[in-house]
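Q: Quick note, the sequences are listed as chains C and A, same order. If you count the first sequence from 1, position 258 lands on 556 in my numbering, and the numbers rise without skipping. If you count the second sequence from 1, position 110 lands on 119 in my numbering, and the numbers rise without skipping. Glycine included, each C-beta is placed from N, C-alpha and C at the ideal position. To start, I am sharing the structure in question, which I have written as structure tokens.
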Amino acid sequence: MVDAALTYRSVATPRSFRIARTDSIFRGLSYAAAVAVLIIFVGLIASLGIGAWPAIKTFGPAFLTTQTWNPVTEHFGALASIYGTLVTSALAMVVAVPVGIGIAIFLTELCPRSLRRPIGIAIELLAGIPSIIYGIWGLFVFAPYFQAHLQPWLIDAFGDIPLLKNVFAGPPYGIGVFTASLILSVMILPFISAVSRDVFETVPPMLKEAAYGVGCTTWEVMWRVVLPFARTGVVGGAMLALGRALGETMAVTFVIGNAHKISTSLFAPGTTISATIANEFTEAVGDLYLSSLIAMGLFLFVITFIVLATAQIMLRALERRAGGAT
Amino acid sequence: VNRSLYARRKFWNGLFLSLSLAAAAFGLAWLTLILGTLVADGAAGLSPKLFTEMTPAPGSTGGLANAIAGSLIMNTLAVAAGTPIGIMAGTYLAEYGRHTRVGFVVRFVNDILLSAPSILIGLFVYEVIVLSMGHFSGWAGAAALMVIVIPVVLRTTENMLLVVPNGLREAASALGAPRSLVIRSVTWRAARAGIITGVLLSIARISGETAPLLFTAFGNQFWSTNLNAPMASLPQIIFNFANSPYEDWHRLAWAGALLITFTVLALSVLARVLESRRSS
Numbered sequence: 299m300v301d302a303a304l305t306y307r308s309v310a311t312p313r314s315f316r317i318a319r320t321d322s323i324f325r326g327l328s329y330a331a332a333v334a335v336l337i338i339f340v341g342l343i344a345s346l347g348i349g350a351w352p353a354i355k356t357f358g359p360a361f362l363t364t365q366t367w368n369p370v371t372e373h374f375g376a377l378a379s380i381y382g383t384l385v386t387s388a389l390a391m392v393v394a395v396p397v398g399i400g401i402a403i404f405l406t407e408l409c410p411r412s413l414r415r416p417i418g419i420a421i422e423l424l425a426g427i428p429s430i431i432y433g434i435w436g437l438f439v440f441a442p443y444f445q446a447h448l449q450p451w452l453i454d455a456f457g458d459i460p461l462l463k464n465v466f467a468g469p470p471y472g473i474g475v476f477t478a479s480l481i482l483s484v485m486i487l488p489f490i491s492a493v494s495r496d497v498f499e500t501v502p503p504m505l506k507e508a509a510y511g512v513g514c515t516t517w518e519v520m521w522r523v524v525l526p527f528a529r530t531g532v533v534g535g536a537m538l539a540l541g542r543a544l545g546e547t548m549a550v551t552f553v554i555g556n557a558h559k560i561s562t563s564l565f566a567p568g569t570t571i572s573a574t575i576a577n578e579f580t581e582a583v584g585d586l587y588l589s590s591l592i593a594m595g596l597f598l599f600v601i602t603f604i605v606l607a608t609a610q611i612m613l614r615a616l617e618r619r620a621g622g623a624t
Numbered sequence: 010v011n012r013s014l015y016a017r018r019k020f021w022n023g024l025f026l027s028l029s030l031a032a033a034a035f036g037l038a039w040l041t042l043i044l045g046t047l048v049a050d051g052a053a054g055l056s057p058k059l060f061t062e063m064t065p066a067p068g069s070t071g072g073l074a075n076a077i078a079g080s081l082i083m084n085t086l087a088v089a090a091g092t093p094i095g096i097m098a099g100t101y102l103a104e105y106g107r108h109t110r111v112g113f114v115v116r117f118v119n120d121i122l123l124s125a126p127s128i129l130i131g132l133f134v135y136e137v138i139v140l141s142m143g144h145f146s147g148w149a150g151a152a153a154l155m156v157i158v159i160p161v162v163l164r165t166t167e168n169m170l171l172v173v174p175n176g177l178r179e180a181a182s183a184l185g186a187p188r189s190l191v192i193r194s195v196t197w198r199a200a201r202a203g204i205i206t207g208v209l210l211s212i213a214r215i216s217g218e219t220a221p222l223l224f225t226a227f228g229n230q231f232w233s234t235n236l237n238a239p240m241a242s243l244p245q246i247i248f249n250f251a252n253s254p255y256e257d258w259h260r261l262a263w264a265g266a267l268l269i270t271f272t273v274l275a276l277s278v279l280a281r282v283l284e285s286r287r288s289s
């Protein structure tokens with residue numbers, strides 16, 4: 299072995315040839331695997347583009363701005379699905395961001411040290427539960443309870459307030475945009491709290507101690523020192539969660555009601571891009587119908603790509619900073 | 010001393026800290042509620058029949074044997090094909106292409122694939138495999154799951170290889186070991202627990218994936234191990250049965266849900282134990 303190593307490159311022996319060949323084969327294989335990932339990505343975009351082309355050609359940009367969804371007359375517009383996707387994701391973020399950050403604050407500052415790991419793991423288990431489980435749980439457990447107990451009460455409570463009475467209007471179905479958003483928010487909660495907690499832990503203790511030293515309360519330290527320091531990371535984590543929320547299929551499909559219409563009321567049934575695809579793709583007859591569904595998929599890909607790419611750029615910058623500091 | 014200012018600061022501090030406590034309670038409450046219902050409703054449907062009988066027609070009794078078999082077959086294929094690609098690509102990123110342009114692009118693209126909506130991966134495989142074969146198939150389902158396995162394995166492999174100290178590589182190289190040998194018998198070995206963690210996490214991830222299977226493997230009411238034919242899977246059966254109006258089917262859906270959730274959670278806990286053993 300030592301001899302071979304010494305003679306490697308300097309004297310060409312059969313053995314050194316063999317080693318050089320193994321080396322280049324191994325390198326080639328690993329390079330090929332890396333390129334395979336690129337090919338999958340390009341193939342994904344290309345196949346969505348090709349599949350979407352007939353619909354894009356037929357409807358043009360109006361596809362994104364019309365609400366009609368009529369398989370019989372073959373007239374398709376994605377607006378209702380796009381609206382549903384954006385509204386459910388936005389609402390889910392409104393709930394999940396403060397709660398997720400709250401959990402991270404609890405875990406880093408309040409929680410007794412011995413409970414930190416178990417509670418942290420429990421929250422992360424929420425991320426491990428498959429999304430279809432959220433879906434059937436929402437459909438069979440949450441929706442009936444919500445319909446029977448909370449929804450009538452909410453409709454009554456906001457019934458006299460202008461504006462809000464339109465938002466919380468309508469017969470209590472149990473399922474609908476509101477329920478879908480709530481289930482979605484629980485799903486993305488762990489992503490936000492996990493990233494936030496990790497970033498909070500990178501805050502130099504010196505900064506916090508200095509703030510405590512001048513007499514700040516725990517909350518003031520969090521709000522004025524830790525959060526500003528961790529801002530990029532928290533926003534990056536939130537974007538990552540938003541990316542998940544936009545494309546989530548199963549948790550939403552069960553509880554949103556699958557109605558192609560835009561309603562001012564959050565209690566009304568609606569649909570999202572991914573829910574529409576999941577529900578209609580295997581039953582879609584006609585090339586234009588299929589192509590319209592794929593075109594919606596392409597649009598979903600474009601928006602999630604933008605969101606996820608932004609998240610990555612923010613988190614990468616943070617990693618570099620953390621790497622530079624140590 | 011400004012007493013009212015102190016009182017106000019104390020008040021806000023107490024309020025926000027209680028809110029963060031409430032946030033943690035909120036998260037834990039959902040976890041308990043979901044797992045609780047799963048155990049309560051799923052356990053009712055658990056019986057040996059679940060593993061020995063086929064999915065029934067509405068109104069008759071049956072099990073989930075064909076769905077369990079289909080899931081096992083497709084998951085095994087997806088992991089068997091996706092793991093080597095993921096490990097090799099992760100190795101390229103960490104060992105050869107750390108600062109190259111290809112490395113940068115692959116890393117970026119991989120992180121997008123990692124969080125990309127899985128239903129789009131279903132559409133992709135539909136376009137590429139199902140349309141060219143002319144029908145839904147087990148192969149297509151396995152391919153869709155493989156596309157999900159690769160980014161998970163790649164990411165963890167790269168991360169785990171990056172924390173292997175350079176001193177180990179240098180020591181091995183100084184002994185004259187060629188690069189491929191250094192990687193295979195030194196860095197891979199040092200990162201083994203971490204790489205296995207990644208594989209476990211990828212299995213956990215695909216075990217619950219439903220959306221990419223709907224229009225690739227499609228589903229099958231009967232026992233079938235033919236990969237060229239439509240194939241049943243647990244998540245897809247849960248999806249169909251839960252959306253049906255039949256009580257028997259709901260019960261089976263809950264039993265299936267219990268099975269996959271506990272498989273997934275057990276895998277994640279196992280992965281975590283492995284990881285903590287590595288770091289300690």
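Can you pull the chain C neighbours of Thr270 of chain A, defined as C-beta to C-beta under 8 Å?
A: Result: Ile427, Pro428, Ile431.
Q: Give me the subset of the segment 593-607 of chain C whose CB atoms are less than 8 Å from a CB atom of chain A, sorted by chain position.
A: Going along the segment 593-607 of chain C in chain order, one finds Gly595, Leu598, Phe599, Thr602, Phe603, Leu606, Ala607 with a Cβ nearer than 8 Å to chain A.
Q: Can you give the beta carbon distance from Leu73 of chain A to Ala264 of chain A, rounded, assuming they're within the 8 Å contact cut?
A: At roughly 7 Å, the Cβ-Cβ gap stays under 8 Å, so Leu73 of chain A and Ala264 of chain A are in contact.
Q: Would DSSP call Gly568 of chain C helix, strand or coil?
A: Strand.
Q: What number of angstroms, rounded off, separates the C-alpha of Gln230 of chain A from the C-alpha of Val501 of chain C?
A: If you take the alpha carbons of Gln230 of chain A and Val501 of chain C, they lie about 55 Å apart.
Q: Run through the segment 524-586 of chain C for me and flag every whole alpha helix (DSSP H) of 4 or more residues, listed as ranges in chain order.
A: Listed in chain order, the complete alpha helix (DSSP H) runs (minimum 4 residues) inside the segment 524-586 of chain C are 525-545, 548-554, 571-578.
Q: Do three or more CB pairs link the segment 340-347 of chain C to the segment 131-151 of chain A at distances below 8 Å?
A: As far as the Cβ criterion goes, the segment 340-347 of chain C touches the segment 131-151 of chain A, which means the pair count is three or higher.
Q: With respect to the alpha helix (DSSP H) encompassing Gly457 of chain C, which residues constitute its N-terminal and C-terminal limits?
A: Careful: Gly457 of chain C lies outside any alpha helix (DSSP H) and carries neither H nor E.
Q: Assuming Leu210 of chain A contacts Ala280 of chain A (C-beta within less than 8 Å), just tell me the rounded distance between them.
A: Contact flag correct, Cβ pair sits at about 5 Å.
Q: What's the gap between the Cα of Pro254 of chain A and the Cα of Gly595 of chain C?
A: If you take the alpha carbons of Pro254 of chain A and Gly595 of chain C, they lie about 29 Å apart.
Q: Do three or more CB pairs link the segment 92-99 of chain A to the segment 154-171 of chain A at distances below 8 Å?
A: As far as the Cβ criterion goes, the segment 92-99 of chain A touches the segment 154-171 of chain A, which means the pair count is three or higher.
Q: Please work out which residues of its chain come closer than 7 Å, Cβ to Cβ, to Val475 of chain C, disregarding the five sequence neighbours upstream and downstream, and give them in chain order.
A: Cβ neighbours of Val475 of chain C beyond the five flanking positions: Gly382, Val385, Thr386, Ile554, Leu564, Ala566, Gly568.
Q: Could you pull out every residue in the same chain whose Cβ sits closer than 6 Å to the Cβ of Leu613 of chain C, ignoring the five residues on either side in sequence?
A: Excluding residues within five positions, the ones whose Cβ falls inside 6 Å are Gly534.
Q: Ordered along the chain, which non-local residues of its own chain (more than five positions away) have a Cβ less than 6 Å from that of Asn237 of chain A?
A: Correct list, in chain order: Ser146.
Q: What does the Cβ neighbour count give for Ala508 of chain C, buried or exposed, with the cut at 16 atoms within 10 Å?
A: Burial call: exposed.
Q: Considering only residues of the same chain and omitting the five flanking positions on each side of Ala467 of chain C, which have a CB-CB separation below 6 Å?
A: Cβ within range, chain order: Ser563.
Q: For a contact meaning CB atoms closer than 9 Å, what does Arg414 of chain C contact in chain A?
A: Under the 9 Å cutoff, chain A gives no residues; its nearest Cβ is about 11 Å from Arg414 of chain C.
Q: Trp521 of chain C by DSSP, collapsed to three states: which one?
A: Of the three classes helix, strand and coil, the one that applies to Trp521 of chain C here is helix, per DSSP.
Q: Using alpha carbons as the reference points, say which of A:Thr206, A:Arg116, A:Ser189, A:Phe25 lies closest to Ile323 of chain C.
A: Ile323 of chain C has its Cα closest to that of A:Ser189, out of A:Thr206, A:Arg116, A:Ser189, A:Phe25.
Q: Which of the residues in the segment 491-514 of chain C, read from start to end, lie with their CB under 8 Å from any CB of chain A?
A: The segment 491-514 of chain C vs chain A, Cβ under 8 Å: Ser491.
Q: Which residues in the same chain have their Cβ closer than 7 Å to the Cβ of Val397 of chain C, if we skip the five residues on either side of it in sequence?
A: Leu487.
Q: At a CB distance below 8 Å, what residues from the segment 337-367 of chain C approach chain A? Give them in sequence order.
A: Those residues of the segment 337-367 of chain C that come within reach of chain A (Cβ to Cβ, closer than 8 Å) are Ile338, Phe339, Gly341, Leu342, Ser345, Leu346, Ile348, Gly349.
Q: Taking the straight line between their C-alpha atoms, what separation do you get for Ala303 of chain C and Met169 of chain A?
A: A caution first: Ala303 of chain C carries a pLDDT of 49, below 50, which makes its placement in the model too unreliable to give a value.
Q: Looking at Gly541 of chain C: is its Cβ nearer than 8 Å to the Cβ of Val605 of chain C?
A: Result yes, Cβ atoms of Gly541 of chain C and Val605 of chain C sit closer than 8 Å.
Q: Check the C-beta distance from Ile128 of chain A over to Thr547 of chain C and give it rounded, since I have them as a contact under 8 Å.
A: Between Thr547 of chain C and Ile128 of chain A the Cβ distance is about 5 Å, and since that is below 8 Å, they are a contact.
Q: Between which two residues does the alpha helix (DSSP H) containing Ile246 of chain A stretch?
A: Per DSSP, Ile246 of chain A belongs to the alpha helix (DSSP H) from 243-251.
Q: With 16 other CB atoms within 10 Å as the buried threshold, where does Phe552 of chain C fall?
A: Classification for Phe552 of chain C: buried.
Q: DSSP three-state label for Phe231 of chain A, please.
A: Looking at Phe231 of chain A - three-state DSSP - the assignment turns out to be coil, as it is neither helix nor strand.
Q: Against chain C, with Cβ distances strictly below 8 Å, would Asp120 of chain A count as a contact?
A: At least one chain C Cβ lies under 8 Å of Asp120 of chain A.
Q: What residue does the alpha helix (DSSP H) around Gly341 of chain C start on, and which one ends it?
A: Run containing Gly341 of chain C: 312-357, per the alpha helix (DSSP H) assignment.
Q: Determine, for Trp517 of chain C, whether the minimum Cβ-Cβ distance to residues of chain A falls below 8 Å.
A: It does: the Cβ of Trp517 of chain C has a partner Cβ on chain A nearer than 8 Å.
Q: Since Arg414 of chain C is in the alpha helix (DSSP H), which residue starts that stretch and which ends it?
A: That run of the alpha helix (DSSP H) goes 411-426.
Q: Can you tell me the Cα-Cα spacing of Ile490 of chain C and Thr70 of chain A, whole angstroms?
A: Their Cα atoms are separated by approximately 43 Å.
Q: How close, in whole Å, do the beta carbons of Ala241 of chain A and Asn22 of chain A come, if the pair is a contact with beta carbons under 8 Å?
A: So it is not a contact: roughly 56 Å between Cβ atoms.
Q: Below 6 Å CB to CB, which residues in the same chain sit around Leu267 of chain A once its five sequence neighbours on both sides are set aside?
A: Closer than 6 Å at Cβ, skipping near neighbours: Leu47, Gly51.
Q: Please confirm whether Ile403 of chain C has its beta-carbon closer than 8 Å to some beta-carbon of chain A.
A: Yes, its Cβ sits closer than 8 Å to a Cβ of chain A.
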